[in-house]
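Chains as they are written, first to last, in the working numbering: chain G, 1 to 234; chain F, 1001 to 1402. Note that CB positions come from ideal geometry on N, CA and C, so glycine has one too.
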Amino acid sequence: MIKINDLNVYYGGIHALRGISLEVPKGKIVSLIGANGAGKSTTLRAIMTLEKPKNGTIFYKDRDITLEKTQNIVQSGLVLVPEGRRVFSNLTVEENLILGAYTRKNAQVIQKDMEWVYGLFPRLLERKKQKAGTMSGGEQQMLAVGRALMSKPEVLLMDEPSLGLAPLIVKDIFDIIKKINALGVTILLIEQNAKVALEISDYGYVMEVGRIVLEGKGRDLLEDENVKKAYLGA
Amino acid sequence: MRAVSRDYEAARLMGINVDTIVSITFFLGSILAVLGGFLLGLSEIMLIAGIVAAILGALIAAPILRLRDDYLAIATLGFSEIIRVVFTNTMSLTNGALGLKGLTRYTNVYYSWGLAILVIVFMFSLRKSSYGKALMAIREDEVAAESMSVLKAEGITMRFGGLTAVSELTLEVPEHGIVGLIGPNGAGKTTVFNMITGVYAPTAGDIKFDNRSILNIKPHRITERGIARTFQNIRLFKELSVLDNVVIANHLRLESNIFSAVLRLPGYVRKEKAIYEKSLKLLDEVGLLAYQSDKAGSLPYGKQRKLEIARALATDPALLLLDEPAAGMNPQESMELMHFVRLVREKFNVSILMIEHHMQVIMGVCEKIYVLDYGVNIAEGTPLEVQSNPKVIEAYLGVEDD
Chain G
1 MIKINDLNVY YGGIHALRGI SLEVPKGKIV SLIGANGAGK STTLRAIMTL
51 EKPKNGTIFY KDRDITLEKT QNIVQSGLVL VPEGRRVFSN LTVEENLILG
101 AYTRKNAQVI QKDMEWVYGL FPRLLERKKQ KAGTMSGGEQ QMLAVGRALM
151 SKPEVLLMDE PSLGLAPLIV KDIFDIIKKI NALGVTILLI EQNAKVALEI
201 SDYGYVMEVG RIVLEGKGRD LLEDENVKKA YLGA
Chain F
1001 MRAVSRDYEA ARLMGINVDT IVSITFFLGS ILAVLGGFLL GLSEIMLIAG
1051 IVAAILGALI AAPILRLRDD YLAIATLGFS EIIRVVFTNT MSLTNGALGL
1101 KGLTRYTNVY YSWGLAILVI VFMFSLRKSS YGKALMAIRE DEVAAESMSV
1151 LKAEGITMRF GGLTAVSELT LEVPEHGIVG LIGPNGAGKT TVFNMITGVY
1201 APTAGDIKFD NRSILNIKPH RITERGIART FQNIRLFKEL SVLDNVVIAN
1251 HLRLESNIFS AVLRLPGYVR KEKAIYEKSL KLLDEVGLLA YQSDKAGSLP
1301 YGKQRKLEIA RALATDPALL LLDEPAAGMN PQESMELMHF VRLVREKFNV
1351 SILMIEHHMQ VIMGVCEKIY VLDYGVNIAE GTPLEVQSNP KVIEAYLGVE
1401 DD
């Protein structure tokens, strides 16, 4: 679905991505793990063209999207759940979800999907009319994911879904990620919590200082000595 | 100046075509305003419809004008008057007054109210439409961007073995704000700075710069991202000239390899020249240009401080951390420093977090102050609130000795 080839991105004066190449096959869960500052977030942002690369290409469904406008990319089914959630604080849960379906037309189907999202996240149904800004971190994360789902994505990019969340909630979120994938949504997720990410991943890439230093099947990476020492130990 | 706020990303990430919506809104607002003006000019009876249209037009377009910073647009709104004048005075266009007289058939109270209600209904239906939703999202995104802080430390704790130097501190620096961090010696203030600049990794908690976590990122990369710091003891190259001190700070950002530097290839020479010019400009902006050739060590103390701050600014930071900038200064120099800090914030568009013991400076220049005692945040607020807080007075302010 997604194919990145030799991508170089400069962020301010920093060479943030140094010729990275990766692939996300249809229907799979792929993880990008690595320490803070390794370039994982920049990779997702580059895919959504929020950052312009110096050179290299990004292909989505065999289409070159390297220089496409962000909104067009979203409209073709590639959606990002950004770091720090970024829900609209002054709007209610319901309003946030409705906005998530902005790119879609059929009101009835949208309504059905909203019920489906409430089914995945009962907590959101309880707080339907509550202002998003007054909810806890975990609830905002659920809302961010729910809102992304409202656009009926084919591929979901998730930026650190576990960040700042209690372990129990992290487990919930990752169970839901598995559920979403089972419904056919391709997932690319980046995580500092390597263990929980690799456990559900079909394939993984390890990033360090802007480069991909290791890749392999999720299961294999979990067993890899270097990965264990660097990312699964503490 | 590094831009910290994001360009309506949340809205774009929802598939909203921000540029198109902004343009449509501008047109819509303008058309309504023009209609309003035209109607007002047409007849006093059309007053109601005219006013409603004009007000709604301004309401909808004004925030967008702010978004686009487009002052030409304001002039366009004035076209309503021009159109009216043209219509009433150009015979060929409108058959003169007769042509307009044709329209006066419709200028009665009923048409006026009718048109006004039509416009209002139209606007309300817009809200429900996808256009209205997009506009709402864009406005929300802008509000969110405005209230974003440059730096947010969330519950950071620093433990060195058995000693807790900083305990669950939450601190925020708003964009373009000047925030102070005060407290007795050993309260943990410098430790906080060290956590922000990546020298120490917090035992717990998170630090976000530009809404991205900077935990576990090496100090030099944190500088690259836009956080610059000065130190309590001045660390200038005292034997080098004022200009060279700034040039060196700029050099650290010069991207080149050793060959082009040693062989002095044209590309390198050009970059070097640019750095010299940039450094001179910086010295000019901080008022040290006259001293450019003087030895840094020969400057009066107050000016050395300024130079140190100028060097930190050479890296183009979004956040400036000042560690006791007024240390060792006499009252005159402290006053100058206060002005200087404000000037730096304006001219270089930076946000500032400063540690200080000098109460006059802190209270005079900071918009918000956090008070630390034994690693714990015992108070926070505006200078006035903090000064009158009994806990602060007891722990710290007590008797003023200068």
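Answer yes or no: do residue i and residue j have a C-beta to C-beta separation smaller than 9 Å?
i         : j         : result
F:Lys1152 : F:Val1173 : yes
G:Glu160  : G:Glu83   : yes
G:Ala197  : G:Glu191  : yes
F:Ile1138 : F:Ile1021 : yes
G:Lys26   : G:Met1    : yes
G:Gly74   : F:Gly1015 : It should be noted that the sequence gives Val, not Gly, for residue 74 of chain G. Contact flag set, yes.
G:Thr49   : G:Lys28   : no
G:Met158  : G:Ile187  : yes
F:Ser1298 : F:Leu1243 : no
F:Val1361 : F:Ala1314 : no
F:Gly1180 : F:Ile1393 : no
F:Thr1230 : F:Asp1316 : no
F:Met1195 : F:Ile1156 : yes
F:Phe1237 : F:Glu1285 : no
Just to make sure I have the definition right: I need the residues of chain G whose C-beta is within less than 7 Å of the C-beta of residue i. Which are they?
i         : result
F:Asp1206 : Gly164
F:Leu1215 : Asn36
Along chain G, in chain order, which residues have C-beta atoms closer than 9 Å to that of residue i?
i         : result
F:Val1143 : Phe88, Ser89, Asn90
F:Phe1137 : In the sequence on display, residue 1137 of chain F carries Ala and not Phe. Those within 9 Å of F:Ala1137 in chain G are Phe88, Leu91, Leu99, Tyr102.
Determine the direct distance from the alpha carbon of residue j to that of residue i, and round the result to whole angstroms.
i         : j         : result
F:Gly1183 : F:Ile1051 : 57 Å
F:Phe1038 : F:Val1121 : 20 Å
F:Ile1178 : F:Cys1366 : 5 Å
F:Gly1205 : F:Leu1307 : 34 Å
F:Ala1049 : G:Asn106  : 35 Å
F:Tyr1071 : G:Thr103  : Unreliable placement is indicated for F:Tyr1071, whose pLDDT of 45 sits below 50; no coordinate value is reported for it.
F:Asp1069 : F:Pro1219 : Confidence at F:Asp1069 is low in this model, with a pLDDT of 46, below 50, so the placement of that residue should be treated as unreliable; the coordinate-derived value is given next. Going from the Cα of F:Asp1069 to the Cα of F:Pro1219 covers about 37 Å.
G:Asn193  : G:Ile65   : 29 Å
G:Lys112  : G:Gly204  : 34 Å
G:Gly77   : G:Met114  : 17 Å
F:Phe1340 : G:Val24   : 52 Å
G:Ile176  : G:Arg211  : 30 Å
F:Ile1060 : F:Val1143 : 16 Å
F:Val1004 : F:Ser1351 : With a pLDDT of 38 at F:Val1004, under the threshold of 50, the predicted position of this residue should be treated as unreliable, and no value is reported.
G:Ala16   : G:Ser162  : 23 Å
G:Gly184  : G:Lys61   : 15 Å
F:Gln1232 : F:Val1192 : 14 Å
F:Pro1202 : F:Phe1209 : 15 Å
F:Gln1304 : F:Gly1375 : 31 Å
F:Ala1033 : F:Ser1112 : 16 Å
F:Gly1364 : G:Ser31   : 50 Å
Assuming residue i and residue j make a contact with CB atoms under 8 Å, what is their CB distance in whole Å?
i         : j         : result
G:Arg45   : G:Asn96   : About 21 Å; that fails the 8 Å criterion.
F:Gly1267 : F:Tyr1301 : Not confirmed; about 40 Å, so no contact.
F:Lys1278 : F:Asn1245 : Not a contact, Cβ separation roughly 14 Å.
F:Ala1053 : F:Gly1036 : 4 Å
F:Val1018 : F:Ala1011 : 5 Å
G:Thr92   : G:Lys152  : No, G:Thr92 and G:Lys152 are not in contact; Cβ-Cβ is about 21 Å, not under 8 Å.
Identify the continuous alpha helix (DSSP H) that holds residue i and give its terminal residues.
i         : result
F:Pro1383 : 1383–1387
F:Val1247 : 1242–1251
F:Phe1124 : 1109–1128
F:Lys1303 : 1301–1313
F:Val1276 : The question names Val, but residue 1276 of chain F in the sequence shown is Tyr. Per DSSP, F:Tyr1276 belongs to the alpha helix (DSSP H) from 1266–1286.
F:Asn1194 : 1189–1196
G:Lys249  : Residue 249 of chain G lies beyond the stretch modelled for chain G, which goes from 1 to 234, so this question has no answer here.
G:Val93   : 93–100
Residues of chain G with CB closer than 8 Å to the CB of residue i, please, in chain order.
i         : result
F:Lys1133 : Ile98, Leu99, Tyr102
F:Arg1221 : Ile14, Gly37
F:Ser1130 : Tyr102
Grab the span of the beta strand (DSSP E) containing residue i for me, first residue to last.
i         : result
G:Ala16   : 14–24
F:Ala1204 : 1204–1209
F:Ala1228 : 1227–1229
F:Pro1331 : Taken as a continuous stretch (DSSP letters only), F:Pro1331 belongs to no beta strand (DSSP E), being part of the alpha helix (DSSP H) at 1331–1348.
G:Ser76   : Segment: none, G:Ser76 is in no beta strand (DSSP E) and carries neither H nor E.
List, in chain order, every chain F residue whose beta-carbon is nearer than 9 Å to that of residue i.
i        : result
G:Met48  : Glu1009, Arg1012, Leu1013
G:Leu80  : Leu1013
G:Val74  : Arg1012, Leu1013, Met1014, Gly1015, Ile1016
G:Gly84  : Lys1208, Asn1211, Arg1212, Ser1213
G:Ser297 : In this structure chain G extends from 1 to 234, so residue 297 of chain G is not present and cannot be described.
Mind pulling the chain F residues with CB within less than 8 Å of residue i?
i        : result
G:Glu126 : Within chain F, no residue comes near G:Glu126; the closest Cβ sits about 23 Å away, beyond 8 Å.
G:Thr70  : Glu1009, Arg1012, Leu1013
G:Glu151 : Note that residue 151 of chain G is Ser in the sequence shown here, rather than Glu. Under the 8 Å cutoff, chain F gives Met1014, Gly1015.
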